[in-house]
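Numbering (this note's numbering), first residue to last: 632 to 1365.
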């Protein structure tokens, strides 16, 4: 038998030499419609195309839209059996370009790999901005604009609020419309949101940090006019919320229409790998955001201005706004090629024909309504679409399981750097870099590995849900690591008395006999680390009377600190600006198990997404993802950061005092922070495990005879569409 040769197009369906099959004709069935057939030189017919008339030489835009030859009259009227989908591509433009401008060079990118690349760049930028830069700079924004943790949590949740508002509209109408156009405009709006988020830096005055020299030493000028208190800056949180709202609007098509666009244009068993690569880019984005954002935080926010405080100082505010300018500009650029893609890629027609349904079977058979080609094209079908999804218990419990995971991911990604900063006594930039090192291999590797496992073991929907259950149980066991914590670095007047004894009832007592004559102000927070290993609120509170500069490292050194005990020698000791370095022996163990929790949490993300796509009918996939994201964000993404922020506020030991008004938190109690994290983790992981178990038990797969061909063959992409039919042409591997 002469084998066909595929054209140079990846998904093309053109052949340079005739087909020569020996096979019987298709059998009649119930469908009542006819697909195009391929006829070899011996007159044998093979159903391959969708019945569109051929018109001369094949072009790049119709490489799989036309039949390979004209069927005979007898074959033309032979219908197929039920299960084969008829999809019309009549009059559809499949060339890549903008309007009439479709140059040939652009068609090289008009493949599934080409669209995957641009969508990966878009998801990378979205992850880097929303889940990377924002979470990295949250401490700096709190410090710069006098925000509390629950207010910064509300800023983070504004992204999910916008997504919930837009998801129903975008997933329903975009799912039945031109997906690349929805995607391109979404990325453009996302870029505008990034630029708006950086705007407050340019509209506010200069940041006036009270440097070590201005703070003064014991007996110096300690006056601080209350008129300089910048409490009015907290109003800028509404600008940040609007920027996040635009981020949410723009990213809504990306993770609903983008996923289904990939799924529709690749072979069924390759779909998890494509989606895994897409989501891996989305996970690597935050990791890059943590690393790059941490570098920017080492640059003073007022670029070019000399300042004598170091990044380790708690009054330091880094250049938090640079990353948003770059990400915004890049998003505007990447939206242009995405807008040029066609509604479906050339060559995708055969994947639609070959697809085998794994949708959950409803007892009343109402799931068959969604197979109607005209279903979902008007607003009238919206209530029926929602009802079909609500009657699908597997889909509902997968949504609830996703919401529990999203709560932990949103909370920990927002306040994870702050957790490390407090536990290990790190600066904001060091904590962001540490967290980035955790997320890169654990989050990115787990995401890709999840899709790889589904593809490697050819898992069906039921097996995929069991894999999700295994991952959730593993991360549940690892989360018990939060039973341990690193102790707070001793701080005089905050965690202990100046004499070394415990503070009664945890109340602050910053005044002692050694600094009673210094006239220190609580508004002036500039911690120093004494040679006795104890932190002090400021040089003044440490009783330091003289300051000099260390020639070796350029740092200031405070001398004659009456509250600091000099080691081995009587008399006052010295102190250096910044926090004392933590020597917590539990750090490696805590980081190791945090890695495991992140790994298994993200390992279940792609399998859970794949199970969602497979347990609903093909025509409802985009809308199902939209509804799922609404549930996930409403129950998880929105309350997650707010709840975690409120819990972290409860563990605060030392609040900023701005002339009697409470500002951001300076010092947290590590034991309370770990305890709250453990309780939240256990509650949501147990709920997630329960939901996956119920989803697995209630899933009802379609009977084997309902599929047009064997399941194994369909997964391999070379199956017979019907009994006694020849195989489809071989496809290129990814």
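Note that CB positions come from ideal geometry on N, CA and C, so glycine has one too.
Limits of the alpha helix (DSSP H) - the one that residue i falls within
i	result
residue 832	810-834
residue 1036	1024-1054
residue 803	780-806
residue 1238	1236-1245
residue 1160	Per DSSP, residue 1160 belongs to no alpha helix (DSSP H); it is in the beta strand (DSSP E), 1159-1161.
residue 1014	1013-1021
residue 1322	1301-1329
residue 1259	1252-1263
residue 1067	1059-1070
Reduced DSSP secondary structure (H/G/I, E/B, other) of residue i
i	result
residue 1154	coil
residue 1230	helix
residue 1177	strand
residue 1186	coil
residue 1148	coil
residue 1224	helix
residue 1207	strand
residue 1088	coil
residue 1272	helix
residue 1192	strand
residue 849	coil
residue 1267	helix
residue 777	coil
residue 1171	coil
residue 1284	strand
residue 1213	coil
residue 1294	strand
C-beta atoms of residue i and residue j nearer than 9 Å
i	j	result
residue 1244	residue 894	yes
residue 920	residue 1082	no
residue 1293	residue 1156	no
residue 1038	residue 784	no
residue 1218	residue 1296	no
residue 1209	residue 941	yes
residue 742	residue 928	no
residue 952	residue 829	yes
residue 1206	residue 1175	yes
residue 962	residue 822	yes
residue 770	residue 1048	yes
residue 1373	residue 880	For residue 1373 there is no data in the structure shown, the boundaries of the chain being 632 and 1365.
residue 1311	residue 889	no
residue 1299	residue 1053	yes
Opening and closing residue of the beta strand (DSSP E) in which residue i lies
i	result
residue 1074	Premise fails: residue 1074 is in no beta strand (DSSP E) and is neither H nor E.
Cβ-heavy atom distance, residue i to the ligand ATP, below 8 Å
i	result
residue 744	Among the components modelled here there is no ligand, and therefore nothing to report on the ligand ATP.
Just list the alpha helix (DSSP H) runs in the region 866-952, keeping only unbroken ones of 4 residues or longer that don't cross its boundaries, in chain order.
868-882, 888-895, 902-927
Does the region 1099-1106 come into contact with the region 949-959, if we say contact requires no fewer than three beta-carbon pairs (one atom in each stretch) closer than 8 Å?
no
At what residue ranges does the region 1108-1141 contain a whole run of the alpha helix (DSSP H), taking only runs of 4 or more?
none
Stretch-stretch touch, CB-based, cutoff 8 Å, three pairs: the region 753-763 with the region 1223-1232
no
Taking contact to mean at least 3 C-beta pairs separated by less than 8 Å, is the region 1252-1265 in contact with the region 1033-1042?
yes
Please determine if the region 1127-1144 and the region 1226-1244 are in contact, where contact requires at least 3 C-beta pairs separated by less than 8 Å.
no
Residue ranges of each alpha helix (DSSP H) within the region 727-768, 4 or longer:
743-757
I want to know whether the region 965-974 touches the region 818-827 - three or more CB-CB distances under 8 Å.
yes
Does the region 1054-1064 touch the region 799-811, meaning 3 or more C-beta pairs lie closer than 8 Å?
no
Would you call the region 1302-1311 and the region 1277-1284 touching, i.e. three or more CB-CB distances under 8 Å?
yes
With a cut-off of 8 Å, do at least 3 Cβ pairs link the region 1073-1087 to the region 1231-1248?
yes
Pairs of beta-carbons, one from the region 1250-1262 and one from the region 1015-1022, closer than 8 Å: are there three or more?
yes
Is the region 1189-1196 touching the region 1157-1164, taking contact as three or more C-beta pairs under 8 Å?
yes
Counting beta carbon pairs with one atom in the region 1317-1330 and one in the region 1067-1074, are three or more of them shorter than 8 Å?
no
Is it the case that the region 924-938 contacts the region 723-737, given that we only count it when at least three CB pairs across the two stretches are under 8 Å?
no
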